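Structure first, then comments.
Number of protein chains: 2
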Amino acid sequence: MKRPRPSALRRWLARTPPPAVLAVGYLTLIAVGGLLLMLPPMTHTPITLSDALFTSTSAVTVTGLNVVDTELVYAFWGQLVIAVLIQLGGLGLMTFAVLIWSALGRPLGITQGTYLREDLNQTSYGKLTRLVWTILRIVVMAEVAGAMLLCLSFMPHHGLGPGLWHAIFHSVSAFNNAGFSTFSPGLTGYALDPVVNVVIPVLFIAGGIGYVVIADLYQRAFWRGWSLHTRMMMVGTAILIVGGVAMTAILEWDNPNTLAQYHSITARLTVAWFQGVTTRTAGFNSTDIAGLEESTSFMYMILMIIGAGPTSTGGGLKVTTVFVMLLATWAFLRRRTEVTGFGRSIPLGDVLKAMALMAMASAVIVTAIFLLLISEGGDFVDIAFEVSSAFGTVGLSRAYTPELSEFGRAVIMVVMFLGRVGPLTLGFFLATRMVPRVRYPAGQVHLG
Amino acid sequence: MKRPRPSALRRWLARTPPPAVLAVGYLTLIAVGGLLLMLPPMTHTPITLSDALFTSTSAVTVTGLNVVDTELVYAFWGQLVIAVLIQLGGLGLMTFAVLIWSALGRPLGITQGTYLREDLNQTSYGKLTRLVWTILRIVVMAEVAGAMLLCLSFMPHHGLGPGLWHAIFHSVSAFNNAGFSTFSPGLTGYALDPVVNVVIPVLFIAGGIGYVVIADLYQRAFWRGWSLHTRMMMVGTAILIVGGVAMTAILEWDNPNTLAQYHSITARLTVAWFQGVTTRTAGFNSTDIAGLEESTSFMYMILMIIGAGPTSTGGGLKVTTVFVMLLATWAFLRRRTEVTGFGRSIPLGDVLKAMALMAMASAVIVTAIFLLLISEGGDFVDIAFEVSSAFGTVGLSRAYTPELSEFGRAVIMVVMFLGRVGPLTLGFFLATRMVPRVRYPAGQVHLG
Ligand SMILES: [K+]
Ligand SMILES: [K+]
Chain A
4 MKRPRPSALR RWLARTPPPA VLAVGYLTLI AVGGLLLMLP PMTHTPITLS DALFTSTSAV
64 TVTGLNVVDT ELVYAFWGQL VIAVLIQLGG LGLMTFAVLI WSALGRPLGI TQGTYLREDL
124 NQTSYGKLTR LVWTILRIVV MAEVAGAMLL CLSFMPHHGL GPGLWHAIFH SVSAFNNAGF
184 STFSPGLTGY ALDPVVNVVI PVLFIAGGIG YVVIADLYQR AFWRGWSLHT RMMMVGTAIL
244 IVGGVAMTAI LEWDNPNTLA QYHSITARLT VAWFQGVTTR TAGFNSTDIA GLEESTSFMY
304 MILMIIGAGP TSTGGGLKVT TVFVMLLATW AFLRRRTEVT GFGRSIPLGD VLKAMALMAM
364 ASAVIVTAIF LLLISEGGDF VDIAFEVSSA FGTVGLSRAY TPELSEFGRA VIMVVMFLGR
424 VGPLTLGFFL ATRMVPRVRY PAGQVHLG
Chain B
4 MKRPRPSALR RWLARTPPPA VLAVGYLTLI AVGGLLLMLP PMTHTPITLS DALFTSTSAV
64 TVTGLNVVDT ELVYAFWGQL VIAVLIQLGG LGLMTFAVLI WSALGRPLGI TQGTYLREDL
124 NQTSYGKLTR LVWTILRIVV MAEVAGAMLL CLSFMPHHGL GPGLWHAIFH SVSAFNNAGF
184 STFSPGLTGY ALDPVVNVVI PVLFIAGGIG YVVIADLYQR AFWRGWSLHT RMMMVGTAIL
244 IVGGVAMTAI LEWDNPNTLA QYHSITARLT VAWFQGVTTR TAGFNSTDIA GLEESTSFMY
304 MILMIIGAGP TSTGGGLKVT TVFVMLLATW AFLRRRTEVT GFGRSIPLGD VLKAMALMAM
364 ASAVIVTAIF LLLISEGGDF VDIAFEVSSA FGTVGLSRAY TPELSEFGRA VIMVVMFLGR
424 VGPLTLGFFL ATRMVPRVRY PAGQVHLG
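Put into structure tokens, the structure is as follows:
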């Protein structure tokens with residue numbers, strides 16, 4: 004106990020595997036955030052430790068499920084803490100740690116590099132510093148621009164000061180796919196607002212597609228210059244957006260709880276657009292989620308579990324994981340010994356990683372649903388929806404989160420944590436190598 | 004059109020891939036069975052073509068879902084047709100075809116052998132004839148013994164003639180995991196009958212574990228002599244039986260609709276035993292399935308989707324497929340480049356096959372649930388339970404089958420067909436070979 008603390012920390016960092024460091028980091032952030040939210044200036048009315056920890060977990064994992072109302076219960080300072088937790092959680096603790104290290108003028112050594120790599124699934128050490136600065140530039144640019152544009156919608160209703168804060172909060176929440184809102188009814192009051200319907204989706208799609216893809220789009224030629232990963236993400240995201248929006252419109256068109264409360268075709272299409280595109284991981288809502296048809300709810304569960312892209316602010320299995328599974332199945336059916344897509348071969352290790360991710364995700368989701376069915380009184384669809392939402396760190400709920408028992412809250416907190424940290428830490432196991440027969444040049448895919 | 008028909012058939016067989024032949028065979032059997040059931044002597048009251056085709060599909064795929072009551076609607080001749088369809092479907096059309104070929108004294112040529120191999124996932128041509136005779140001996144012995152024992156329970160209540168018929172029908176239905184019953188309320192009237200509670204489970208466990216395993220148990224030394232496949236099946240089946248029965252007892256103990264209607268502990272354990280063990284693929288019920296807790300219903304969905312063993316009369320993903328997935332995930336987490344279990348390595352082609360099966364099963368189940376949610380009015384749990392039951396060819400229902408619309412019936416018929424024929428035909432693609440690094444001796448696993 005006589006040694007100075009930093010040295011003990013450094014020795015711990017050196018002997019602990021990166022996934023464990025990452026998990027401990029997130030847990031620490033959640034604990035600190037929860038304790039901060041308990042302080043009197045944070046809330047209008049006192050909250051329990053369970054309320055505070057749930058909010059903190061939901062913010063750090065950028066999920067957006069809430070047991071207490073963000074607008075009514077949290078004061079400005081509480082909302083600021085939530086915004087900071089969202090930003091730290093969304094960027095990834097490790098990115099932030101390296102940012103601080105390099106800001107302090109320390110060389111980006113191999114040890115620190117390992118942690119960042121863990122968080123971003125990036126294999127080349129050399130490009131890391133550049134990547135981190137690219138990320139930071141994108142985040143600041145996107146969030147400032149988003150906040151400025153959102154002021155156009157929020158200031159007229161709420162005045163200059165509160166309007167600015169709502170705009171900043173929603174910009175941070177949107178870019179980080181957190182789905183938290185400083186409005187009690189979410190964005191239903193802005194369901195037809197053109198600025199909200201463009202700016203917020205642009206922010207969360209950009210945040211959810213992954214930094215690697217954004218950098219590729221920014222620096223390389225269209226399609227031919229893109230990596231296999233970027234191609235998969237762009238095609239997969241396009242399919243999921245078009246499919247999600249179209250199916251929402253078709254299934255909900257005549258539902259009086261959702262689209263049919265609007266008479267004009269444009270209004271219905273606007274709401275279908277927003278709700279269809281937000282479901283994969285952003286988790287904002289511009290209509291009543293508990294009023295959705297069961298068919299739409301089921302489709303949303305699937306979309307939430309698929310989620311967004313790796314190295315992004317989104318959660319879930321990830322688009323590339325599902326894509327690789329589909330390509331592997333297709334290769335199997337065509338009796339190919341090699342999995343290929345977009346003219347690139349996919350290493351067998353990646354296929355096995357996708358499979359392991361799927362198997363573990365299924366285990367987590369099934370176990371959580373089973374536990375909640377036993378512990379909670381409640382509808383199966385509500386419970387399955389809540390668990391899918393937590394695993395995909397989406398944050399949509401059929402008005403079920405506040406009804407959870409203490410045990411139910413614990414289950415959902417664990418699922419949010421695993422949904423966010425699990426796939427990241429599994430990236431660690433990418434190191435597993437198989438011996439594939441290479442015919443096509445090998446492409447690199449991020450699966451976590 | 005001047006050529007004789009057998010020659011045209013033979014040419015078609017020669018140029019059509021075996022999975023297509025198998026599928027066409029099953030479809031033909033379903034169509035013929037459906038038309039037969041429309042004949043006046045078959046039923047007490049007229050049935051529609053849709054009723055008849057649904058019954059025929061359910062019988063040929065040994066599922067046991069029913070839109071009309073087998074006891075009240077079908078006369079003796081109809082029940083006999085159903086029993087024959089069950090027997091043909093359970094043994095596998097191709098096994099039967101080869102039995103007939105060899106009974107006619109024709110040599111078991113390479114062409115016919117391919118079809119049988121397809122159906123039984125057996126790779127060595129030489130052992131086929133022996134295997135077929137082993138199968139037939141087992142079937143006849145088991146069903147005759149089962150029927151004789153069941154007479155002890157059924158004859159006192161129903162008289163000699165009807166008692167004998169009930170015993171024969173239930174013996175055939177049990178060994179083939181069909182779950183059809185000539186009693187309207189299923190076996191609830193015999194929920195505490197000791198003979199029924201022993202004989203029927205023994206029959207369907209024997210039928211569901213697969214002929215290959217039975218032959219191994221019969222001919223080889225305990226454990227050391229068993230193949231990797233037999234070890235996996237025995238361990239997996241034991242885990243699923245113990246887990247299913249224990250969880251049924253725990254979850255339903257105080258449910259007045261099911262176990263709590265009995266006062267004695269022995270009675271409750273007896274019902275938990277029967278219902279827990281029958282769920283994986285047999286599909287008999289000795290209690291009210293619609294009265295089960297939602298947690299139990301969800302667990303049963305998982306058990307039904309897992310199903311029984313390959314080369315057996317059961318359906319579903321198969322125990323070995325799930326086992327291989329778990330072993331592969333475990334190997335991945337331990338950063339092993341090779342999947343191993345019970346001291347044998349599992350070829351990478353088998354791992355990919357398991358993955359492809361899982362992916363396609365998920366696609367079928369999700370699509371079917373989605374379609375039924377759109378087309379049918381009904382509870383999500385009822386629908387998901389019905390689809391899981393159809394895919395696993397189990398036949399349990401939360402009293403939902405008779406409520407299906409014509410479109411809903413079509414969906415369930417397709418799922419039953421895919422659940423039975425899909426995994427069998429996928430066995431065809433086992434031919435895909437990877438290049439594994441061999442360290443352990445390679446073991447053979449059946450995944451379909
Ligand atoms: K979210
Ligand atoms: K069955």
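Read top to bottom, the protein sequences are chains A and B.
Add 3 to the 1-based position in the first sequence for my numbering, that's all there is to it.
Add 3 to the 1-based position in the second sequence for my numbering, that's all there is to it.
Glycine included, every Cβ here is placed at the ideal spot set by N, Cα and C.
Owing to the predicted nature of the structure, the values given are computational and were not obtained by experimental measurement.
As assigned by DSSP and simplified to three states, the class of residue i
i               : result
Q115 of chain A : Because Q115 of chain A sits at a pLDDT of 42, beneath the cut-off of 50, its placement in the model cannot be relied upon, and the point is left open.
S289 of chain B : coil
T46 of chain B  : strand
D353 of chain A : helix
T324 of chain A : helix
F373 of chain B : helix
G37 of chain A  : helix
R140 of chain A : helix
G239 of chain B : helix
V65 of chain B  : coil
S315 of chain A : coil
Residue-level contact to chain B via CB, residue i, 7 Å cutoff
i               : result
E409 of chain A : no
I377 of chain A : yes
A150 of chain A : no
A362 of chain A : yes
M304 of chain A : no
M358 of chain A : yes
E341 of chain A : no
S298 of chain A : yes
F373 of chain A : yes
F225 of chain A : no
G451 of chain A : At G451 of chain A, the pLDDT of 39 sits below 50, so the modelled position is not reliable; the number obtained from the coordinates is stated separately. No, G451 of chain A lies away from the interface with chain B (no Cβ there is under 7 Å from its Cβ).
Short CB-CB distance (under 7 Å) between residue i and chain A
i               : result
L421 of chain B : no
T251 of chain B : no
F207 of chain B : no
L399 of chain B : no
F388 of chain B : no
T332 of chain B : yes
L163 of chain B : no
L355 of chain B : yes
T126 of chain B : Legend: pLDDT at T126 of chain B = 46, less than 50; position of this residue unreliable, value from coordinates given subsequently. It does not: the Cβ of T126 of chain B has no partner Cβ on chain A nearer than 7 Å.
F326 of chain B : no
F383 of chain B : yes
F335 of chain B : yes
F301 of chain B : yes
Residue j beta carbon less than 7 Å from that of residue i
i               : j               : result
R316 of chain A : V65 of chain A  : The residue you asked about is not Arg; residue 316 of chain A is Thr in the sequence shown. Cβ distance < 7 Å, so T316 of chain A and V65 of chain A count as in contact.
F326 of chain A : M235 of chain A : yes
S400 of chain A : L68 of chain A  : yes
V424 of chain B : A55 of chain B  : no
G395 of chain B : G279 of chain B : no
G310 of chain B : T284 of chain B : yes
M45 of chain B  : G95 of chain B  : no
L375 of chain A : G411 of chain A : yes
Paired residues, beta bridge with residue i - DSSP
i               : result
G344 of chain A : A:R347
Y77 of chain B  : B:T46
(message) As an exercise, report each continuous alpha helix (DSSP H) stretch of at least 4 residues that is fully enclosed by the segment 146-223 of chain B, in chain order.
(response) Runs of the alpha helix (DSSP H) inside the segment 146-223 of chain B: 163-178, 197-212, 214-222.
(message) In chain order, what are the residue ranges of uninterrupted alpha helix (DSSP H) at least 4 long that sit wholly in the segment 382-421 of chain A?
(response) The DSSP assignment places complete alpha helix (DSSP H) segments of no fewer than 4 residues inside the segment 382-421 of chain A at 383-394, in order along the chain.
(message) Going residue by residue through the segment 241-305 of chain B, where are the continuous beta strand (DSSP E) segments of at least 3 residues, counting only ones entirely within it?
(response) Within the segment 241-305 of chain B, no complete beta strand (DSSP E) run reaches 3 residues.
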